[in-house]
Structures are given as C-alpha cells and as structure tokens.
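To start, the structure itself, in structure tokens.
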Amino acid sequence: MISIKEEEIVKYLKESYNPIAIIKYGSFADGSANENSDFDALVITTDVEKHDSSVVADTVLDVWVYPENKFSSGYDPDEFLQVFDGIIIQDQRGLAKKLIDRVNDYIDQTPAKSDEDIIQEVAWCEKMLARTVREDAEGYYRWHWLLMDSLEIYFDIKHLYYHGPKKALKYMQNNDSETFDIYLCALKEMNQDNLAQWIGVLKALK
1203 MISIKEEEIV
1213 KYLKESYNPI
1223 AIIKYGSFAD
1233 GSANENSDFD
1243 ALVITTDVEK
1253 HDSSVVADTV
1263 LDVWVYPENK
1273 FSSGYDPDEF
1283 LQVFDGIIIQ
1293 DQRGLAKKLI
1303 DRVNDYIDQT
1313 PAKSDEDIIQ
1323 EVAWCEKMLA
1333 RTVREDAEGY
1343 YRWHWLLMDS
1353 LEIYFDIKHL
1363 YYHGPKKALK
1373 YMQNNDSETF
1383 DIYLCALKEM
1393 NQDNLAQWIG
1403 VLKALK
C-alpha cells in the first residue's frame, strides 16, 4: 500500500509524462524513506528524455525519464543498475519488467573478483592502514578513504555484488552482525585499534 504522498507523486508523473512504465527504487521502494528522502524513479515515455527534480508533496524528485526507443535496441544495463530491486508501478507494454530482468541477468553474470585480486585489495588495505598513523591531513584523508573503499572490498571477499553503501550496510547488519558491529565501531571513532580490527576481519575472511 502506498502513502498519500506517493499517490500525489505518481499522479504528477502520470499527468506530466503519460508514461508507458514507472519503476520506483531506492528508499521509497525498500521502506526506508524518511522526511528527507528523495523519490527515485525511472519513467519510460513515448518520446521524452529528461531528469525531473521537481518538488511534489514536499518531496524532491530524482526521476529519470527516457523514451521507449532507448530500450528497443542494444543498451548497456550497467546504466540502470539502480532498478535491480525496483518496484513496478505501471507497465503497459512489459518494458519495465524486461528492463529489471535484464539488469538482474547482467548482475548475475558479472564475474566475481579473483583470489589474486582479493589478495591485492587486502594488501592495499594493510598498506593504507599503516599510512593512517601519520597525524596530518594526508593521514586523516587516507583514514576515511580506507573506511569507504574497504566496505566494497568486504563484498568482493564475500563474492557478493556491491550495490552501494546503503544497501551494503543493511545487508551486513542483517546477515553478518558481528562484522557489522566491528565496522560500525571503526566508523564512529577515529580509533586506530578499531580501524585495525576492521582490517583484521577482512584479512581473516580472504
């Protein structure tokens, strides 16, 4: 069941674009939306192509509008990864379902990182960890750089597709809570022991 706010947004999209298909994704699709969330959607129309960032129902839109011929020939599914778990609101000709299916096929066929790649990534983490001890701007920069990139490396080690930090954190919290708690501690405090413990987890997993 969609909220009154979403009903207003969908009404706006239908009146503005006479869409063939609408796919919502992001926080409004996974139930994590709050008062500061954008409404993310992909809209397929007859011939319009634009990005709509209007404010509707006190919500900023992040809506990408494409003509149907964008999907009638060879297109790169990598451009539309965000809809992999999207919710179809409207789909007059089955284009939305075909797009989601193709994106998920692309994700499923993406090769996992090799053992050699993972060894190199973990070695990079260890090298970066050593460089964070310098108490200057570069050391602090490397600290944050390491925290950000190591999350994706965790997913490489687990042979899981990385869908960005928001979904990654949610997955880790739900499926590997002990590791999540270690990573959270590293995020919350600039404490060398916490950061070293997190990198130690990656080293043990590889």
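Heads up, the sequence shown is in the numbering used here, so the first residue is 1203 and it goes up one at a time. In this text, a Cβ means the ideal position worked out from N, Cα and C, and glycines have one as well.
Counterpart residues of residue i in DSSP-defined beta bridges
{"i": "TYR1268", "result": "ILE1246"}
{"i": "TYR1227", "result": "ASP1242"}
{"i": "VAL1262", "result": "VAL1257"}
Other residues of its chain near residue i: CB distance less than 8 angstroms, five sequence neighbours each side excluded
{"i": "LEU1389", "result": "LEU1349"}
{"i": "ASN1236", "result": "SER1229"}
Residue i (DSSP reduced to helix, strand or coil)
{"i": "ILE1222", "result": "coil"}
{"i": "HIS1346", "result": "helix"}
{"i": "GLN1292", "result": "strand"}
{"i": "LEU1362", "result": "coil"}
{"i": "PHE1273", "result": "helix"}
{"i": "TRP1352", "result": "With the sequence shown as reference, residue 1352 is identified as Ser, and Trp is not the correct amino acid for it. In the structure shown, SER1352 sits in a helix (DSSP, three-state: H, G or I)."}
{"i": "LEU1206", "result": "At residue 1206 the sequence reads Ile, which differs from the Leu that was named. DSSP places ILE1206 in helix when its eight states are reduced to three."}
{"i": "ALA1314", "result": "coil"}
{"i": "PHE1286", "result": "coil"}
{"i": "ALA1339", "result": "helix"}
{"i": "GLU1175", "result": "Outside the displayed range of the chain (1203 to 1408) lies residue 1175, so it cannot be described from this structure."}
{"i": "GLU1237", "result": "coil"}
Residue i, enclosing alpha helix (DSSP H) - first and last residue
{"i": "LYS1299", "result": "1297-1311"}
{"i": "ILE1320", "result": "1317-1333"}
{"i": "LYS1405", "result": "1394-1407"}
Extent of the continuous beta strand (DSSP E) to which residue i belongs
{"i": "ASP1378", "result": "Neither: ASP1378 is in no beta strand (DSSP E) and is coded neither H nor E."}
{"i": "ASP1254", "result": "1252-1254"}
Beta-carbon contacts of residue i that lie in its chain and below 6 angstroms, excluding the five residues immediately before and after
{"i": "PRO1279", "result": "ARG1304, VAL1305 and TYR1308"}
{"i": "GLN1294", "result": "ILE1222"}
{"i": "LYS1252", "result": "VAL1267"}
7 angstroms CB neighbourhood of residue i in its chain, flanking five on each side removed
{"i": "VAL1285", "result": "ILE1225, TYR1227, LEU1244, LEU1301, ILE1302 and VAL1305"}
{"i": "HIS1346", "result": "none"}
Original post:
Should the region 1286-1305 be regarded as contacting the region 1210-1228, the criterion being three or more beta carbon pairs within less than 8 angstroms?
Top reply: yes
Original post:
Three or more C-beta pairs closer than 8 angstroms, one from the region 1390-1402 and one from the region 1253-1264: is that the case here?
Top reply: No: the two stretches stay apart, fewer than three of their Cβ pairs being nearer than 8 angstroms.
**OP:** Take every Cβ of the region 1267-1274, pair it with every Cβ of the region 1241-1251, and state whether three or more of those distances are shorter than 8 angstroms.
**Re:** In short, these stretches touch, since the Cβ pair count reaches three.
Original post:
Does the pairing of the region 1354-1362 with the region 1308-1325 give three or more beta-carbon distances under 8 angstroms?
Top reply: These segments touch.
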